[in-house]
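Student:
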Amino acid sequence: MFVNLLRNNKVVAGLLTFIRMYLGYNWMTGGWGKITGGEFDASEFLHGAVANATGEHPAVQGWWAAFLETVAIPGADIFTFLVMWGEFLVGIALILGLFTNFAALMGIMMNFAFLFSGTVSTNAQMILLTLFLLVAGYNAGRFGLDRYVIPFIKEKVFHQNDERFIKPVEAH
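Residue 56 in my numbering is what sits at position 42 of the sequence shown, and the numbering runs on without skipping anything.
#1: Grab the span of the alpha helix (DSSP H) containing residue 61 for me, first residue to last.
#2: Determine, using beta carbons only, whether residue 41 and residue 121 come nearer to each other than 7 Å.
#3: Rounding to the nearest angstrom, what Cα-Cα distance links residue 43 and residue 30 in this structure?
#4: Report yes or no: do the region 78-86 and the region 49-68 share at least 3 C-beta pairs separated by less than 8 Å?
#5: In this structure, how does DSSP classify residue 165 when only helix, strand and coil are distinguished?
#6: Are at least three pairs of beta-carbons, each pair with one atom in the region 96-107 and one in the region 48-60, less than 8 Å apart?
#7: Under DSSP, the alpha helix (DSSP H) around residue 139 begins and ends at which residues?
#8: Please report the distance separating the alpha-carbon of residue 92 from that of residue 100.
#9: Does the separation of the CB atoms of residue 118 and residue 159 fall below 7 Å?
#10: Excluding the 5 residues flanking residue 33 on each side, which residues of the same chain have their C-beta closer than 7 Å to its C-beta?
#11: Using beta carbons (cut-off 7 Å, strictly below), is residue 71 in contact with chain C?
#12: Can you give the Cα-Cα distance for residue 17 and residue 52, rounded to whole angstroms?
#13: So, under 8 Å CB-CB, residue 20 and residue 149 are touching, yes? Tell me the CB distance rounded to an integer number of Å.
#14: Which of the three DSSP states, helix, strand or coil, is assigned to residue 101?
Below, the structure written as structure tokens:
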């Protein structure tokens, strides 16, 4: 019943729009600050996360630290680029309501990566809010560009006419 409300109710779609825009603003400004600041380097963060994997009460799990040491730190330049532009583009997409579900999925993946790396901040709150967008599906982008883009893609690319998105033409 709750899932049905999230997925189909237009009033809830309005509330989801505010949640989407709040999350989008946070992602966009975080990414833009990293892009324009000129000082963001993921390697410092990654080394700090690995350092937090030791001690009596480690903040980072050993399996994640191993991933960071073997994959992320050697590819720190790529991860620097992905984090900066990923945050910014997820933010823009959420604000515009464009490919909302994909943007929310990429955002929640980044949030989990930050949490796994020992960062607390607002990540848990953002994950919780993003879960509502993901469960809501199309309704999360109903009052955004998804309202126009998703039906277009379904019709032109996948050759599907879905009554939820496209009104059938009435015969005269």
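Here a beta-carbon is modelled for each residue, glycine too, at the ideal position from N, C-alpha and C.
Please read all numbers here as calculations on a predicted model, not as lab measurements.
Tutor: Inspection of the coordinates gives the following:
#1: Counting from one through the sequence shown, the residue named residue 61 turns up at place 47. Where residue 61 is concerned, the enclosing alpha helix (DSSP H) stretches over 56-65.
#2: On the sequence shown, position 27 is the one that residue 41 refers to. On the sequence shown, position 107 is the one that residue 121 refers to. Yes; because the gap between Cβ atoms is below 7 Å, this pair is in contact.
#3: Here the question's residue 43 lines up with position 29 in the sequence shown. Here the question's residue 30 lines up with position 16 in the sequence shown. So the two alpha carbons sit approximately 20 Å from each other.
#4: yes
#5: Locating residue 165 in the sequence shown gives position 151, where the first residue counts as 1. DSSP places residue 165 in helix when its eight states are reduced to three.
#6: yes
#7: As a first step, residue 139 is located in the sequence shown; it is residue number 125 there, counting from the start. Counting along the chain, the alpha helix (DSSP H) containing residue 139 begins and ends at 137-150.
#8: Sequence index remark: in the sequence shown, residue 92 carries index 78 (1-based). Sequence index remark: in the sequence shown, residue 100 carries index 86 (1-based). Straight-line Cα distance between these residues: approximately 11 Å.
#9: As a position in the sequence shown, residue 118 is number 104, starting the count at 1. As a position in the sequence shown, residue 159 is number 145, starting the count at 1. Result no, Cβ atoms of residue 118 and residue 159 do not sit closer than 7 Å.
#10: As a first step, residue 33 is located in the sequence shown; it is residue number 19 there, counting from the start. 143, 146, 147, listed in sequence order.
#11: Here there is only one protein chain, and chain C is not present.
#12: The residue you call residue 17 lines up with position 3 of the sequence shown. The residue you call residue 52 lines up with position 38 of the sequence shown. Rounded to the nearest angstrom, the two C-alpha atoms are 43 Å apart.
#13: Counted from its first residue, the sequence shown places residue 20 at position 6. Counted from its first residue, the sequence shown places residue 149 at position 135. Right, their Cβ atoms sit about 5 Å apart.
#14: Counted from its first residue, the sequence shown places residue 101 at position 87. If DSSP states are grouped into helix, strand and coil, residue 101 belongs with the helices.
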